[in-house]
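Each residue of the sequence shown is one higher than the one before, starting from 207 at the first, in this note's numbering. Let me begin by presenting the structure, written as structure tokens, before commenting on it.
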Amino acid sequence: MLSSYQTSEWPIGVRGQPSVRNFSPFTNTNGNRNIYLTTAGIIGAGTLGFLYTLHQSVQASDIYQHPPHYPWPHNGFFKSFDHKAIRRGYEVYKQVCSACHSLRYVRYRELIGVSHTEDEARAEAEEIQVQDGPNEAGKMFMRPGKLSDSFPSPYPNEEAARAANNGANPPDLSYIVLARHGNEDYVFSLLTGYQDKPEGFILGEGQHFNPVFPGGAISMAQTLFNEAAEYSDGTPATASQLAKDVVTFLSWCAQPEHDKRKKVLINCWLIFGTLAVSLWYWKRYLGSSMKTRKILFRNLTKSENKK
């Protein structure tokens, strides 16, 4: 008698006896592989769950406020930057933020066609003095800025920046929006999130309490207040409006190709969508004769077989 895991429904063996094959699950390779994969998946999921719980428990011990999500006008597949907000944000940066922070990877020529005309951008560049040279006498000299020049740094070097800011080096803002978790939401919440420190919270000299900043203690003082800057278009300069506009400007600085990238993507979708529909119709046209073909099988009579 064959066991329940054995069968004789196989071709005849060498000696005329039915060949016997064992289908025991303990020797089945596919079954073992499934067991290993299931066990590895359970262990991996448990490890990830443990690490997530541990991470959350560590964060809960700190004074840290996660920034909420704000409906930025440029977030979305068919959305673009508010260019009026970019211009106002540039004015906020120029009047407030440029005293401490640099934009070394942004050049004045990039403002053309985005927030300023060519003449306006050239006039903005000529307001700064840039060291150039050497001249014919071999000396360095100062000249008015050009469109090809980047935004100037308020400090000559990092040591001077730290000396002027109680040991903290103000970061460059060229890519600050993309360099922080939460992007625009984080920067906006940081600029508008200054509060009085709670009881028992210790701040160092020159530090301020901001629950959005990791650790709560930040060296940058609150800089955006009502009427802290003046808009050329007459927009009311409230603190939240200033923060919203400067964050929009910094988001554009980090990704100046944002609008062009979306235009290219939309054009690609239109082109490939048209091609997909055309290929689908062509495929149905080519296969219509094959799909509508009907094949019949019938038994031939003796007379037909003889023919």
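Heads up, the beta-carbon is just placed ideally off N, CA and C, and yes, glycines get one too.
Cβ shell of residue i (< 8 angstroms), same chain only, five flanking positions each side left out
{"i": "GLU411", "result": "ASN372"}
{"i": "ASP288", "result": "PRO279, HIS280, THR454"}
{"i": "ARG313", "result": "LEU353, SER354, ASP355, SER356, PHE357"}
{"i": "TYR392", "result": "PRO273, ARG386, VAL418"}
Coarse secondary structure for residue i, derived from DSSP in three states
{"i": "ASP288", "result": "coil"}
{"i": "SER230", "result": "Reliability of the predicted coordinates at SER230 is poor, the pLDDT of 46 falling under 50, and the value obtained from them is presented with this limitation in mind. Residue state, collapsed to three classes: coil."}
{"i": "HIS414", "result": "strand"}
{"i": "ILE477", "result": "helix"}
{"i": "ALA482", "result": "helix"}
{"i": "ILE249", "result": "helix"}
{"i": "ILE501", "result": "coil"}
{"i": "ALA445", "result": "helix"}
{"i": "ILE424", "result": "strand"}
{"i": "LEU506", "result": "coil"}
{"i": "SER438", "result": "coil"}
{"i": "ALA385", "result": "coil"}
{"i": "HIS272", "result": "coil"}
{"i": "LEU409", "result": "coil"}
{"i": "LYS403", "result": "coil"}
{"i": "THR429", "result": "coil"}
{"i": "HIS464", "result": "helix"}
Contacting residues, own chain, Cβ-Cβ under 7 angstroms from residue i (five flanking each side not counted)
{"i": "SER425", "result": "ASN371, ASN372, ALA374, GLY412, GLN413"}
{"i": "ASP451", "result": "ALA291, ARG294, GLY295, VAL298"}
{"i": "TYR437", "result": "ARG294, GLU297, ALA443"}
Euclidean distance between Cα positions of residue i and residue j
{"i": "GLY339", "j": "SER354", "result": "15 angstroms"}
{"i": "LEU485", "j": "TYR491", "result": "10 angstroms"}
{"i": "PRO404", "j": "GLY421", "result": "13 angstroms"}
{"i": "ILE477", "j": "TYR487", "result": "16 angstroms"}
{"i": "LYS285", "j": "GLU364", "result": "38 angstroms"}
{"i": "ALA423", "j": "ILE408", "result": "8 angstroms"}
{"i": "GLU316", "j": "GLN401", "result": "36 angstroms"}
{"i": "ASN473", "j": "ALA460", "result": "23 angstroms"}
{"i": "ALA445", "j": "TYR311", "result": "27 angstroms"}
{"i": "LEU379", "j": "LEU448", "result": "16 angstroms"}
Contacting residues, own chain, Cβ-Cβ under 6 angstroms from residue i (five flanking each side not counted)
{"i": "ALA427", "result": "HIS414"}
{"i": "SER457", "result": "VAL383, GLU390"}
The ligand ZN heavy atom lying under 7 angstroms from the CB of residue i
{"i": "GLU463", "result": "Questions concerning the ligand ZN fall outside what the structure shown contains, since it holds no ligand whatsoever."}
### Message
Closer than 8 angstroms is the cut-off here; do at least three beta carbon pairs connect the stretch 348-357 with the stretch 319-338?
### Response
yes
### Message
Three or more C-beta pairs under 8 angstroms: does that hold for the stretch 465-480 against the stretch 414-422?
### Response
no
### Task
May I have a chain-ordered list of the alpha helix (DSSP H) segments no shorter than 4 residues that lie completely inside the stretch 293-379?
The stretch 293-379 contains these whole alpha helix (DSSP H) runs: 324-332, 364-370.
### Query
If we count Cβ pairs, one from each stretch, closer than 8 angstroms, do we get three or more for the stretch 304-323 versus the stretch 355-367?
yes
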